[in-house]
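Colleague:
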Amino acid sequence: ATEELQKVFDDKIAEEIRIEPKDWMPDDYRKTLIRQISQHAHSEIVGMLPEANWITRAPSLRRKATLLAKVQDEAGHGLYLYSAAETMGITREEMVDQLLSGKAKYSSIFNYPTLTWADIGAIGWLVDGAAIMNQVPLCRASYGPYARAMVRICKEESFHQRQGFEILLTLCKGSKEQKEMAQDALNRWWWPSLMMFGPNDDTSPHTAQSMKWKIKRFSNDELRQKFVDVCNEQADILGITIPDDKLVWNEKRQHYDFGEINWNEFFNVIKGNGPCNKERLAARVSAHENGEWVREAALAYARKKAPKSPS
Ligand code: ACO
Numbered sequence: 003a004t005e006e007l008q009k010v011f012d013d014k015i016a017e018e019i020r021i022e023p024k025d026w027m028p029d030d031y032r033k034t035l036i037r038q039i040s041q042h043a044h045s046e047i048v049g050m051l052p053e054a055n056w057i058t059r060a061p062s063l064r065r066k067a068t069l070l071a072k073v074q075d076e077a078g079h080g081l082y083l084y085s086a087a088e089t090m091g092i093t094r095e096e097m098v099d100q101l102l103s104g105k106a107k108y109s110s111i112f113n114y115p116t117l118t119w120a121d122i123g124a125i126g127w128l129v130d131g132a133a134i135m136n137q138v139p140l141c142r143a144s145y146g147p148y149a150r151a152m153v154r155i156c157k158e159e160s161f162h163q164r165q166g167f168e169i170l171l172t173l174c175k176g177s178k179e180q181k182e183m184a185q186d187a188l189n190r191w192w193w194p195s196l197m198m199f200g201p202n203d204d205t206s207p208h209t210a211q212s213m214k215w216k217i218k219r220f221s222n223d224e225l226r227q228k229f230v231d232v233c234n235e236q237a238d239i240l241g242i243t244i245p246d247d248k249l250v251w252n253e254k255r256q257h258y259d260f261g262e263i264n265w266n267e268f269f270n271v272i273k274g275n276g277p278c279n280k281e282r283l284a285a286r287v288s289a290h291e292n293g294e295w296v297r298e299a300a301l302a303y304a305r306k307k308a309p310k311s312p313s
């Protein structure tokens, strides 16, 4: 019987028919998706922290309102994704527990500090830019609830990317000091943004299988290359320089060549030793503890509203 179910599943994948929560699926497919979607949800939630750091210091009311909206969008993305993961049979409590206990991974990028206002521009341009590059293909992921959540998330991410680029464009057209601030932000965020795409294909344990299942449509290196190609032109428009002296157009490949990523740094950050890992987790733990009364009140309210069982 399992063989038959497996065949139905394989045929659906081959024919691009979405897998839905109640469909049979192989255990490893379920495990992979729970892993990826929950890590993705955690990234959205932890990703609010570096930017929230600048809400009170945004340089104008307009910038403040926009940043506030963007950070709220990230919260929404996290909640969507937790709901998508729940359709696979894991509970919200389990996922939150995995994050708060330090067991779960979230994107390496959010373990770097936001030192100046230009960092908010660089995050929008590069971090949300990298996120879109990686997430647009996920709108075609084989698991229905994940793919559908991605559609709206990507629309919002495009707005985030533009607001970041526009912050940098304004700084780059400003005073010498403002332009230097934009360059400094690019210098610090460039390499960590490339790391967001994950390890090289030959050292990525999950890529090959996830591509067979059509969860991933492109490999980590393919997406990283697309990102480098588009950023170069955008940096020219800003008039600032990507900090990589090996970055040159390769006529034969029709792509930019670029320098080697510091993989020691990457693995160190995902092991928990990045500049802000401890601070980020501590902020989440404290938010969770301080929110206990809200959860209790919501539960009490739900109990009150629940239909009484017939006596
Ligand atoms: N930061 C932290 N961990 C990472 C990163 C990263 N940048 N890249 C890879 N890893 C982890 C993987 O999660 C995996 O860990 P695990 O085996 O303990 O679960 C391990 O490194 C090996 O990597 P891969 O084999 O390449 O793993 P995978 O096939 O899952 O690819 C990727 C990684 C590309 C991040 C994929 O999971 C993905 O597309 N996720 C959805 C997008 C996402 O999570 N984006 C988050 C940042 S964007 C944002 O929140 C705004």
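Position in the sequence shown counted from 1, then plus 2, gives you the working numbering. Glycine included, C-beta positions come from ideal geometry on N, C-alpha and C.
Can you tell me whether Y303 is buried or exposed? The criterion is at least 16 other CB atoms within 10 Å of its CB, across all chains shown.
Modeller: Indexing the sequence shown from 1 puts residue 303 at position 301. With fewer than 16 other Cβ atoms within 10 Å, it is exposed.
Colleague: When every heavy atom of the ligand ACO is checked, does at least one fall within less than 6 Å of the C-beta of G274?
Modeller: Numbered from its first residue, the sequence shown carries residue 274 at position 272. It does not: the Cβ of G274 is nowhere closer than 6 Å to a heavy atom of the ligand ACO.
Colleague: Mind pulling the beta strand (DSSP E) runs of 3 or more residues that sit fully within the segment 87–112?
Modeller: As far as the segment 87–112 is concerned, it has no whole beta strand (DSSP E) run of at least 3 residues.
Colleague: Using only the alpha-carbon positions, how far apart do F199 and E179 sit?
Modeller: Numbered from its first residue, the sequence shown carries residue 199 at position 197. Numbered from its first residue, the sequence shown carries residue 179 at position 177. Rounded to whole angstroms, F199 to E179 spans 32 Å at the Cα level.
Colleague: Measuring alpha carbon to alpha carbon, tell me which of D186, K228 and T172 ends up nearest V138.
Modeller: Within the sequence shown, residue 138 is the residue found at index 136, counting from 1. If we check each option's Cα against that of V138, K228 comes out closest.
Colleague: Between S110 and V271, how many whole angstroms is the CB-CB distance? I'm expecting something under 8 Å.
Modeller: Counting from 1 along the sequence shown, the entry for residue 110 is found at position 108. Counting from 1 along the sequence shown, the entry for residue 271 is found at position 269. The pair is a contact, with the Cβ atoms about 4 Å apart (cut-off 8 Å).
Colleague: Short of 7 Å in beta carbon distance, which residues of its chain neighbour E88, apart from the five on each side in sequence? Order them along the chain.
Modeller: Walking along the sequence shown from the start, residue 88 turns up at place 86. R94, listed in sequence order.
Colleague: State the CB to CB distance for the pair P147 and A106, rounded to an integer number of angstroms; the pair is presumed to be in contact (CB under 8 Å).
Modeller: Within the sequence shown, residue 147 is the residue found at index 145, counting from 1. Within the sequence shown, residue 106 is the residue found at index 104, counting from 1. Contact doesn't hold; Cβ gap of about 19 Å is too wide.
Colleague: Output the distance between the C-alpha atoms of A3 and G80, rounded to the nearest integer angstrom.
Modeller: Locating residue 3 in the sequence shown gives position 1, where the first residue counts as 1. Locating residue 80 in the sequence shown gives position 78, where the first residue counts as 1. Approximately 37 Å, taken between the alpha carbons.
Colleague: What does a CB cutoff of less than 8 Å around I57 pick up in its chain, not counting 5 residues either side in sequence?
Modeller: Here the question's residue 57 lines up with position 55 in the sequence shown. Within the same chain, I57 has close Cβ partners K66, L69, L70 and V73.
Colleague: Is the closest heavy atom of the ligand ACO to the C-beta of T209 under 6 Å?
Modeller: Stepping through the sequence shown from its first residue, residue 209 is reached at position 207. Checking the Cβ of T209 against the ligand ACO gives yes.
Colleague: Taking C233 as the reference, which of H257, F220 and K216 has the closest Cα?
Modeller: As a first step, residue 233 is located in the sequence shown; it is residue number 231 there, counting from the start. The option with the nearest alpha carbon to C233 is H257.
Colleague: The beta strand (DSSP E) spanning N252 covers which residue range?
Modeller: Here residue 252 refers to the residue found at position 250 when the sequence shown is read from its first residue. Start and end: V250 to N252.
Colleague: Pick out the complete alpha helix (DSSP H) segments inside the segment 181–261, 4 residues or longer, and give them in chain order.
Modeller: Whole alpha helix (DSSP H) segments, 4+ residues: 209–214 and 222–240.
Colleague: CB S195 to CB V250, shorter than 7 Å?
Modeller: Translated into positions along the sequence shown, residue 195 becomes position 193. Translated into positions along the sequence shown, residue 250 becomes position 248. Cβ distance not < 7 Å, so S195 and V250 don't count as in contact.
Colleague: Among all the DSSP beta bridges, which residues are the ones paired with Y82?
Modeller: Within the sequence shown, the letter at position 80 stands for residue 82. Paired residues: none, contrary to the question.
Colleague: Going by CA-CA distance only, name the one from E18, M152, L170 and S212 that's closest to Y84.
Modeller: Start at 1 with the first residue of the sequence shown, and residue 84 comes out as number 82. Residue M152 is the option with its Cα nearest to Y84.
Colleague: Could you check what DSSP says for I21 in three-state terms: helix, strand or coil?
Modeller: As a first step, residue 21 is located in the sequence shown; it is residue number 19 there, counting from the start. Residue state, collapsed to three classes: strand.
Colleague: Helix, strand or coil for Y145, going by three-state DSSP, please let me know.
Modeller: In the sequence shown, counting from the first residue as 1, residue 145 sits at position 143. If DSSP states are grouped into helix, strand and coil, Y145 belongs with the strands.
Colleague: Considering only heavy atoms of the ligand FAD, does any lie closer than 6 Å to the CB of R20?
Modeller: This structure does not include the ligand FAD; its bound ligands are the ligand ACO.
Colleague: Can we count Q38 as close to the ligand ACO, meaning its CB is less than 6 Å from some heavy atom?
Modeller: Counting from one through the sequence shown, the residue named residue 38 turns up at place 36. Yes.
Colleague: Figure out for me which residue from G123, E96 and I19 has the closest Cα to the Cα of H162.
Modeller: For the purposes of this step, residue 162 is taken as residue 160 along the sequence shown, with counting starting at 1. Closest option to H162, Cα to Cα, is G123.
Colleague: Should N222 be counted as a contact of the ligand ACO given a C-beta to heavy atom distance under 6 Å?
Modeller: Taking the sequence shown and counting its residues from 1, one reaches residue 222 at position 220. Within the cutoff, so yes.
Colleague: Using 10 angstroms around the beta-carbon of D75, count the other beta-carbons present and answer buried if the total reaches 16, otherwise exposed.
Modeller: What you label residue 75 is simply residue 73 of the sequence shown in a count that begins at 1. Answer is buried; the Cβ neighbour count reaches 16.
Colleague: Where do the ends of the alpha helix (DSSP H) carrying W295 lie?
Modeller: Numbered from 1 along the sequence shown, position 293 holds the residue referred to as residue 295. E294 to K307 is the extent of the alpha helix (DSSP H) around W295.
Colleague: Any C-beta of chain D sitting closer than 7 Å to the C-beta of E158?
Modeller: This model lacks chain D altogether; it includes just one protein chain.
Colleague: Can you grab the Cα-Cα spacing for the pair D259 / M197, in whole Å?
Modeller: Here residue 259 refers to the residue found at position 257 of the sequence shown. Here residue 197 refers to the residue found at position 195 of the sequence shown. For D259 and M197, the distance between alpha carbons rounds to 16 Å.
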